[in-house]
Structure formats: structure tokens, C-alpha cells
Amino acid sequence: MGNVRKEWGENKLVKTRFAPSPTGYLHIGGVRTALFNYIYARKYKGQFLVRIEDTDAERSKEEFVTAILDGLDWLNLSPDVEPIKQSTRYGIYKKNALELLNNGSAYRCNCSQERLANLRAEQEKNGLKPSYDGFCRDKSIEDINSAIRIKSPKEGETIVNDEVYGTIHFPNKELDDLIILRSDGSPTYHFCNVIDDNEQGVTHVIRGEDHLPNTPRQIQIVNALGYKGFSYAHLPLVLGEDRKRLSKRHAATDLMTYKQQGYLPDALKNMLIRLGWSKVEQEVFAISEILDSFNLTDIQRAGAVFDIGRLNFINQEHLALKNDVELLHLIKPFADKIDLDLDSHHDPKRLIRLCVGSGNNLEEIAHFLIPFVRNYDEYSDDCYEKFLIGSEKVLDFFNTQISTLDEWSETAINEVIDRAKTELDLPMPKIGMPMRAALLGRTKSPPLDATIYLLKKEQVLERIAQTLKKITAEC
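Following our numbering, the numbering of the sequence shown begins with 1 at its first residue and continues without gaps.
Shown next as C-alpha cells:
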């Protein structure tokens, strides 16, 4: 079973979980965490769970819950059971906090905010790490409206055995008595986290390395509650190209932005798997192809750089694997958004197949298709001045030759191109560039014979005539 904990035995059902807080849209770093949890569960034929950690009532919003679940569904990372929300489980957390209070593993604290602020200021003044000083630890406080703190061991150390970072020792003297239930009765993040993982039967806690400092505190809660505990694996942070934490200045960080731009979910997952794990040699793959190779111990410790150029390459590779029917189905919603009627084209499947490599995503490809379906508005960049002025001989030749064609095929069009090279005694760039500029208003396109074919005969003749008219008028 690889790195499944031995004390659970071979038959223990592996359960992983993704536990986002709905205080914003799903971040790319969070997607990578969900993905690794999903893959590990699938590798061992276990369960992948989703838990909404919405105890921050002020910042949590239902629209973010919906966006998170919709995003996971789009990626085909939906949980195996219905997600739970922590906001519906306050009674369970309070019950556990009172049990710890009654057995002496926790105590009530009625320190005022003023006292705690003064304590923090004094510690910072003296160059000390801010922490609670245990002022109420040995008091008998009866006020039921006071906070409850867990009694952290003051001697020894708490050991974290991490699948990625190895064994880490945390001196207990550096871990203060954490609040588990606030004075208003609301539970704290660490407390809810441990209780839910235990009650859901989670075996492996796989999350970002920014949670690693929290782990010894959670292990102390695990011990106080008498739980068996969990295996931990902390993933390296997702970084921008400057090796700082990924932010909007590097690339879009919101998952749905990539969906809206037309990146394929399989391509995005492919890219994210390689952020921190690279056991297989191939760059392009499906999840099913790497399950046997995937192990938590192979995850690197260094931060993983999110490279948008790499994503673009992988997305293009995944698009190239699609058949013509699939490509048409994928591109159509993006064409519809810009009022591009692909159904009006005489060969839409051929059009998309020839143009699929022209953009990094479906949105870019849809825009690339515009002059093949409807008239372009203007020439791009300086292609008119650079390629069309002085090109009358080339345009006249094609106007004459194409007007006589009875068969509209790439073969027939290619014969016209060959005659142009011979009769005009010009190299291909001197022929291809003016024709592309005249027909599309730009010089980037598929091969010239395909470019001409992808337009209707009457469109070709009309655009050549319009260009010749413009050149003549300006000379």
C-alpha cells in the first residue's frame, strides 16, 4: 500500500479531504491541493471528501460555496459523499470542548481583550514571540460566557511526521494554550478541523505547507480528545515566476477565470499535478495514467512555480488530442459569445482542426476564427503597408485564376498557388503574405491553400477586389 500508515492495516479505507474556507473564489493553489487529495484517494480506491470550513461568519459567503463546488465539478473532482458545512455542527464542537473542560484537559479563560493586547505589546517590546501566558490556567472560573483554552503540555516536544517534510520537532514551550471555544460560543478553526477529520474518518491530511506550523497544535488537540490521529502531507506552495507566492500580478489565481478563457479541465489538472510532483517523464497525461506512480513521498519540498507558458503548451496538446466533433463542441460556446455563427461556415470541423493551434485557449481560438466566418473590420498591425502595397500583380493573378475554378478544394487551390510561383517567379512568402493580408486582414493563418479553401469562393473574390480597390484609391 505504499505510504498508507501501517497501524490502519491493509483494509483501512483511505479517506482524504479538501477543506476550503468560502471567503473567496477557488484559488489555483487550493485546486492543486484538492487534486492531490483526489488522486491519492483514487490510487487506493478510497474516498475523496469535501468539507466547507465556514466558521468565519463575517467573511464566508454562499456564493463562494457555490463557486467552489462548481469549480470542483468542472474539474471532475466532485466528492464521493455530500459535502458538510462546519456552520451546521457548532453543537458537536461545543460538546467536545465541554468534555475537555470537565476532564481537566482544558480551562476557562476570562482575560479581557485589553489584557491580551497589553500582554502582546509587552512581549513584542521585549523581542518575544506573542503567546498566551497561562494567566487563567490554574484558576477556577465558573463564568459560562468565558472562552475555553486547551492545556498545552509545557515540557517535551510535539513531533510531526510528515510524508513530504519528514520528522519535525516542535518544543512544547513554544506552543501556548490555544482557544478552542470563544466567549461567544463559536469554535476555532483548529478545534473544528481535528474533530471533523476524526468524525469523517479521514486518514490522510494533505494540504499546503502554510498549514505545517498549525499541525503540532492540532496534534495536541488530537491527543487531548483521545483520537488515533492522521497521516500528514504538506504540499509546497504554488509560486509565481519570481518565486514569490502566486498572486494576480503573476497570473489569474481564480480557477473560474481559466474556465472562462477556455482552458480544458484535463489540461489544468495535468499542469497542476506537475507542480511539486514529476515522477513520470511525459509532459502530457491523464490522471488515470499516473495513479500507479503517484506517492506522497515523491512530492518535492521546494515551492512549485506556476508557469502560464507551460499551461498554454499543455492545453494546446490536450486540444490536439480531441477529435473534430469534440473540438467543435468545445469551441462553439466561445464562438457564440462573440456572435460567431460557426454553423454558417461550409466546413466548420475542418476550420477548427486547422486553426486549433492558433491560440492558447478556446477563447483565443474563437477570436482567431472571426475572419473565416465574417468580414474583418481592419488590417492588423502594419500588414497593409508591409505586404499589400505593391502586391497588385499577385492579387490580380489569384483573382483571375480563382474566378475560373469549377472545383472548390484544397487540391485545386494548391495548383493555382503552384502556377503563381512559376508564372510570377516569386518565392512563397511574396505570394502568401499578401494573400493572407488581403483575405484575413492579418498574416497569421493556416497554410495558404487551406486558408483560401476555408473561405467561400465568392468571399475570396470579394476580399481581393476590396483590397485592390483600396490600393488603387490610395496610390
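All C-beta atoms, glycine included, are put in the ideal place defined by N, C-alpha and C.
Practice task
Can you give me the Cβ contacts of D343 inside the same chain, cut-off strictly under 8 Å, excluding the 5 residues immediately before and after it?
Solution key: Locating residue 343 in the sequence shown gives position 343, counting from the first residue. There are no such residues.
Problem - Boundaries of the beta strand (DSSP E) in which I150 is found, first to last residue - result: By one-based count along the sequence shown, residue 150 stands at place 150. 147 to 150 is the span of the beta strand (DSSP E), which, as asked, contains I150.
Exercise for the section: Specify the secondary structure class of T400 as computed by DSSP and reduced to three states. Expected result: On the sequence shown, residue 400 is found 400 positions in, with the first residue counted as 1. Three-state DSSP puts T400 in a helix.
Practice task
Inspect the beta-carbon positions of I273 and A233 and report whether they are closer than 7 Å.
Solution key: Reading the sequence shown from its first residue, position 273 is the one you call residue 273. Reading the sequence shown from its first residue, position 233 is the one you call residue 233. It is not a contact, given that the beta carbons lie outside the stated cut-off.
Problem - Identity of the residues DSSP links to K12 by a beta bridge - result: Within the sequence shown, the letter at position 12 stands for residue 12. Looking at the DSSP assignment, K12 forms no beta bridge with any residue, so it has no partner.
Exercise for the section: Measure from the alpha carbon of I92 to the alpha carbon of each residue in S186, A67, L72, E124, then state which is nearest. Expected result: One-based indexing of the sequence shown puts residue 92 at position 92. The candidate whose alpha carbon is nearest that of I92 is S186.
Exercise for the section: Could you pull out every unbroken beta strand (DSSP E) segment of at least 3 residues lying fully inside the region 222 to 254, listed in chain order? Expected result: The region 222 to 254 is shown to contain whole beta strand (DSSP E) runs of 3 or more residues at 231 to 235, in chain order.
Problem - Identity of the residues DSSP links to R17 by a beta bridge - result: Locating residue 17 in the sequence shown gives position 17, counting from the first residue. Answer is L49, bridged to R17.
Practice task
Throw me the rounded Cβ distance for the V238 and F306 pair, which I believe falls under 8 Å.
Solution key: Translated into the one-based positions of the sequence shown, residue 238 becomes position 238. Translated into the one-based positions of the sequence shown, residue 306 becomes position 306. That pair is a contact at about 5 Å.
Practice task
Look at T215 and V160 and say whether their C-beta atoms are less than 7 Å apart.
Solution key: The residue labelled residue 215 in the question sits at position 215 within the sequence shown. The residue labelled residue 160 in the question sits at position 160 within the sequence shown. Yes.
Exercise for the section: Can you grab the Cα-Cα spacing for the pair H27 / S278, in whole Å? Expected result: Within the sequence shown, the letter at position 27 stands for residue 27. Within the sequence shown, the letter at position 278 stands for residue 278. When the Cα atoms are used, H27 and S278 turn out to be separated by approximately 22 Å.
Problem - C-beta contact flag for I331 and I314 at 7 Å - result: As a first step, residue 331 is located in the sequence shown; it is residue number 331 there, counting from the start. As a first step, residue 314 is located in the sequence shown; it is residue number 314 there, counting from the start. In this structure, I314 does not lie closer than 7 Å to I331 by Cβ.
Exercise for the section: Give me the Cα-Cα distance between I219 and Y132, rounded to the nearest whole angstrom. Expected result: In the sequence shown, counting from the first residue as 1, residue 219 sits at position 219. In the sequence shown, counting from the first residue as 1, residue 132 sits at position 132. Using only the alpha carbons, I get a separation of about 19 Å.
Problem - Bridge partners - G127, DSSP secondary structure assignment - result: Looking up residue 127 in the sequence shown gives position 127. According to DSSP, G127 bridges with nothing at all.
Practice task
Tell whether a beta-carbon distance below 7 Å holds between L328 and V356.
Solution key: The residue given as residue 328 occupies position 328 in the sequence shown. The residue given as residue 356 occupies position 356 in the sequence shown. No. Outside cutoff.
Exercise for the section: Spatial neighbours of I471 within its chain, please: CB distance less than 7 Å, with the 5 preceding and 5 following residues excluded, ordered by chain position. Expected result: Here residue 471 is taken as the residue at index 471 of the sequence shown, counted from 1. Contacts found: L388, I389, E392.
Handout entry: Three-state secondary structure (DSSP) of Y263
Key = Within the sequence shown, residue 263 is the residue found at index 263, counting from 1. DSSP places Y263 in coil when its eight states are reduced to three.
Practice task
Keeping to the same chain, check which residues put their C-beta closer than 8 Å to that of T167; ignore five residues upstream and five downstream.
Solution key: Residue numbering aside, residue 167 sits at position 167 when the sequence shown is read from its first letter. Within the same chain, T167 has close Cβ partners I159, V160, N161.
Exercise for the section: Express the C-alpha separation of T451 and N3 in angstroms, rounding to a whole number. Expected result: Stepping through the sequence shown from its first residue, residue 3 is reached at position 3. Stepping through the sequence shown from its first residue, residue 451 is reached at position 451. For N3, the predicted model reports a pLDDT of 40, less than 50, meaning its position is unreliable; a value from the coordinates is still stated below. Their Cα atoms are separated by approximately 55 Å.
Handout entry: Chain-order list of residues whose beta-carbon lies under 8 Å from that of E157 (same chain, five-residue window excluded)
Key = The residue given as residue 157 occupies position 157 in the sequence shown. H169, F170, P171, N172, listed in sequence order.
Problem - Span separating the alpha-carbon of P446 from that of Q316 - result: Locating residue 446 in the sequence shown gives position 446, counting from the first residue. Locating residue 316 in the sequence shown gives position 316, counting from the first residue. Cα-Cα distance, rounded: 16 Å.
Exercise for the section: Inspect the beta-carbon positions of N361 and Y263 and report whether they are closer than 7 Å. Expected result: As a working note, residue 361 is residue 361 in the sequence shown. As a working note, residue 263 is residue 263 in the sequence shown. Contact: yes.
Practice task
For the alpha helix (DSSP H) containing F387, list its first residue and its last residue.
Solution key: Start at 1 with the first residue of the sequence shown, and residue 387 comes out as number 387. Segment: none, F387 is in no alpha helix (DSSP H) and carries neither H nor E.
Problem - Strand pairing of K85, partner residues [DSSP] - result: On the sequence shown, position 85 is the one that residue 85 refers to. The partner list for K85 (beta bridge, DSSP) reads I52.
Handout entry: Same chain, Cβ closer than 7 Å to V460, neighbours up to 5 away in sequence not counted
Key = The count along the sequence shown starts at 1 and reaches residue 460 at position 460. Hits under 7 Å: I402, L439, I452.
Exercise for the section: Determine the direct distance from the alpha carbon of E364 to that of R149, and round the result to whole angstroms. Expected result: By 1-based counting over the sequence shown, the position of residue 149 is 149. By 1-based counting over the sequence shown, the position of residue 364 is 364. Their backbone Cα atoms lie some 55 Å apart in a straight line.
Problem - Identity of the residue in K386, K95, E462 nearest G432 by Cα - result: Taking the first residue of the sequence shown as 1, we reach residue 432 at position 432. When each option's Cα is compared against that of G432, the closest is K386.
Practice task
Apply the 10 Å Cβ neighbour rule to H204 and answer buried if 16 or more other Cβ atoms are within range, or exposed otherwise.
Solution key: Within the sequence shown, numbered from 1, the residue matching residue 204 stands at position 204. The residue is buried, with at least 16 neighbouring Cβ atoms inside 10 Å.
Handout entry: C-alpha distance - V14 paired with H346, whole-angstrom precision
Key = Position 14 of the sequence shown, counting from 1, holds the residue named residue 14. Position 346 of the sequence shown, counting from 1, holds the residue named residue 346. Each residue's alpha carbon lies about 53 Å from the other.
Exercise for the section: Take L181 and list the residues in its own chain whose beta-carbon comes closer than 6 Å to its own, dropping the five residues that flank it on each side. Expected result: Start at 1 with the first residue of the sequence shown, and residue 181 comes out as number 181. Same-chain partners within the cutoff: A97, I148, P187.
Exercise for the section: Would you check if the distance between the CB atom of W74 and the CB atom of P265 is smaller than 7 Å? Expected result: Locating residue 74 in the sequence shown gives position 74, counting from the first residue. Locating residue 265 in the sequence shown gives position 265, counting from the first residue. It is a contact, given that the beta carbons lie within the stated cut-off.
Problem - Of the listed residues T411, T404, K444, nearest to Y379 (C-alpha basis) - result: Along the sequence shown, read from residue 1 onward, the residue named residue 379 stands at position 379. Checking every option, the nearest Cα to that of Y379 belongs to K444.
Practice task
Report the three-state DSSP secondary structure of A41 (helix, strand or coil).
Solution key: As a first step, residue 41 must be located in the sequence shown, where it is residue number 41. The answer is helix: DSSP assigns A41 an H, G or I state.
Handout entry: CB of S105 within 7 Å of CB of K154, strictly
Key = On the sequence shown, position 105 is the one that residue 105 refers to. On the sequence shown, position 154 is the one that residue 154 refers to. Against a cut-off of 7 Å, the Cβ pair of K154 and S105 comes out as no contact.
Problem - Buried or exposed (CB count within 10 angstroms, at least 16 for buried), G29 - result: Looking up residue 29 in the sequence shown gives position 29. It counts as buried.
Exercise for the section: Within 10 angstroms of the Cβ of P427, are there 16 or more other Cβ atoms? Answer buried if so, exposed if not. Expected result: Locating residue 427 in the sequence shown gives position 427, counting from the first residue. Label assigned to P427: exposed.
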